[in-house]
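Visitor: One structure, pasted below without further comment.
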Amino acid sequence: MAGTLRRALVIVMAGAALGLAANAISPRRIPLLTPPKAPPQASDTVALEEAKAMWGSGTAFFLDARATADYQAGHIAGALSLPIEEFDAHYPPIQPMLTPDLRIVVYCDGQECDLSHRLMDRLRELGYHNVRVLTNGWTSWHTAGLLTHAGGQP
Amino acid sequence: MKIVNLILRLIIGGVFIVSAIVKIGNVQVSHAHGIQFSRVPDLTQFAQDVANYHVPPRALNNLVAITLPWIELLAGGLLVLGIWKRASAVVIAALMVVFLAAIGSALVHGYDIRCGCFGTVDARKVGVTALAEDFVLLAMAAWLAWRLEDSRERTTEANE
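So the protein sequences, as listed, match chains F and G.
So the first sequence is numbered by my numbering: it starts at 7 and just counts up by one.
So the second sequence is numbered by my numbering: it starts at 250 and just counts up by one.
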């Protein structure tokens, strides 16, 4: 049994070494340790009240970072679907509607949801500097009784 | 019994090899394009899936995403080839325990997250199905870890 455990350990170590080596030579290597999350800044998020005001006056563009199926099941009225996990496929048709200075509100669902922050980061990398996250967007929007739609991309 | 063990080895080893390859190769499946290997493997997605579980300390999520698929590939491969098969079964059983704990924790916390079980290929959310599958795999791996003998181990232990 001791021999088996020793060999099991060797398998784990060898596998880990292979993984580290593969990552080291990969052109898209990721850092060994996950970089710490930047502390959320006030300028990164938008409060529901403010989002509502911008939505009402039509001064912001709403993007839904969740998966397509979630979007179709229900989304903030007027929001377009841009699932971060399939960003490359969904971005091209939306790109012509965006300008660098456009005010953009991105959202997903749940306090812990990371999708909207990733979408914000991605959009900022592309030069859209006026992007903010509506935290817990979908839940807070529809529990506030604000207008929602269901169905696919308009 | 030999044939049962062989079948179990092929099943579990196969599952582990496939699950490793789809993670390493960042395989995407879409209705429009069928199965696609991305030209440049990208672990970002899988690292995110790992992070969603909130099980490893945050800093270690990348390390898990980098090493885990290769440990799966090696253990699954050895099990299929019949090299160090008992040790491989032990590794796989131990991984299944870890996966079960992670999925259980996600369910208890009510996280609505992607399983990540087969990389990005299956967009399944964590749920009781994944839990049940993993229990079956654990049972099979534990059986093998108990029944199999690595040939060299038998001789050395006989000599001791």
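We put the beta carbon where it would ideally sit given N, CA and C, even for glycine.
Please check if any C-beta of chain F sits within less than 8 Å of the C-beta of Trp395 (chain G).
Guide: As a first step, residue 395 (chain G) must be located in the second sequence, where it is residue number 146. Chain F contact via Cβ: absent.
Visitor: Check distances from the C-beta atoms of the stretch 321-351 of chain G to those of chain A and list, in chain order, the residues that come in under 8 Å.
Guide: Here chain A cannot be found, since the structure's protein chains are F and G.
Visitor: Chain G partners of Pro37 (chain F), CB-CB under 9 Å?
Guide: Residue 37 (chain F) sits at position 31 when you count from the first residue of the first sequence. Within 9 Å Cβ-Cβ: Asn311.
Visitor: Among F:Ala83, F:Gly116, F:Arg109, which one has its Cα closest to the Cα of Gly158 (chain F)?
Guide: Against the first sequence, residue 158 (chain F) aligns to sequence position 152. Of the listed residues, the one whose Cα sits closest to Gly158 (chain F) is F:Ala83.
Visitor: Is the CB-CB distance between Gly143 (chain F) and Asp115 (chain F) below 8 Å?
Guide: Position 137 of the first sequence, counted from the start, is the residue given in the question as residue 143 (chain F). Position 109 of the first sequence, counted from the start, is the residue given in the question as residue 115 (chain F). For Gly143 (chain F) and Asp115 (chain F), yes; Cβs fall inside 8 Å.
Visitor: Using a Cβ distance threshold of 8 Å, determine whether the stretch 74-93 of chain F contacts the stretch 252-270 of chain G, with at least three qualifying pairs required.
Guide: Touching, no.
Visitor: With a cut-off of 8 Å, does the C-beta of Ile17 (chain F) fall near any C-beta of chain G?
Guide: As a first step, residue 17 (chain F) must be located in the first sequence, where it is residue number 11. Chain G, which has a Cβ nearer than 8 Å to the Cβ of Ile17 (chain F), makes this yes.
Visitor: My output table needs one value for His155 (chain F): the three-state DSSP class, helix, strand or coil.
Guide: As a first step, residue 155 (chain F) is located in the first sequence; it is residue number 149 there, counting from the start. In this structure, His155 (chain F) counts as strand in the three-state DSSP scheme.
Visitor: For Phe93 (chain F), which three-state DSSP category applies?
Guide: Your numbering for residue 93 (chain F) matches position 87 in the first sequence. Three-state result, Phe93 (chain F): helix.
Visitor: Just to make sure I have the definition right: I need the residues of chain G whose C-beta is within less than 7 Å of the C-beta of Thr74 (chain F). Which are they?
Guide: Numbered from its first residue, the first sequence carries residue 74 (chain F) at position 68. Here the premise fails: no neighbours, minimum Cβ distance about 10 Å.
Visitor: Could you tell me which uninterrupted beta strand (DSSP E) segments, each at least 3 residues in length, are contained entirely in the stretch 90-144 of chain F, listed from first to last along the chain?
Guide: The qualifying runs are 110-113, 137-140.
Visitor: Going by the beta-carbon positions, is the gap between Ala394 (chain G) and Ala338 (chain G) smaller than 8 Å?
Guide: Along the second sequence, read from residue 1 onward, the residue named residue 394 (chain G) stands at position 145. Along the second sequence, read from residue 1 onward, the residue named residue 338 (chain G) stands at position 89. For Ala394 (chain G) and Ala338 (chain G), yes; Cβs fall inside 8 Å.
Visitor: How about Leu54 (chain F) and Ala150 (chain F): are their beta carbons less than 8 Å apart?
Guide: Here residue 54 (chain F) is taken as the residue at index 48 of the first sequence, counted from 1. Here residue 150 (chain F) is taken as the residue at index 144 of the first sequence, counted from 1. Going by C-beta atoms, Leu54 (chain F) is nearer than 8 Å to Ala150 (chain F).
Visitor: Determine, using beta carbons only, whether Gly25 (chain F) comes closer than 8 Å to chain G.
Guide: Your numbering for residue 25 (chain F) matches position 19 in the first sequence. Closer than 8 Å to some Cβ of chain G, the Cβ of Gly25 (chain F) qualifies, so yes.
Visitor: So, is the C-beta of Asp291 (chain G) closer than 8 Å to a C-beta in chain F?
Guide: Taking the first residue of the second sequence as position 1, residue 291 (chain G) is located at position 42. Yes, because at least one Cβ of chain F sits closer than 8 Å to the Cβ of Asp291 (chain G).
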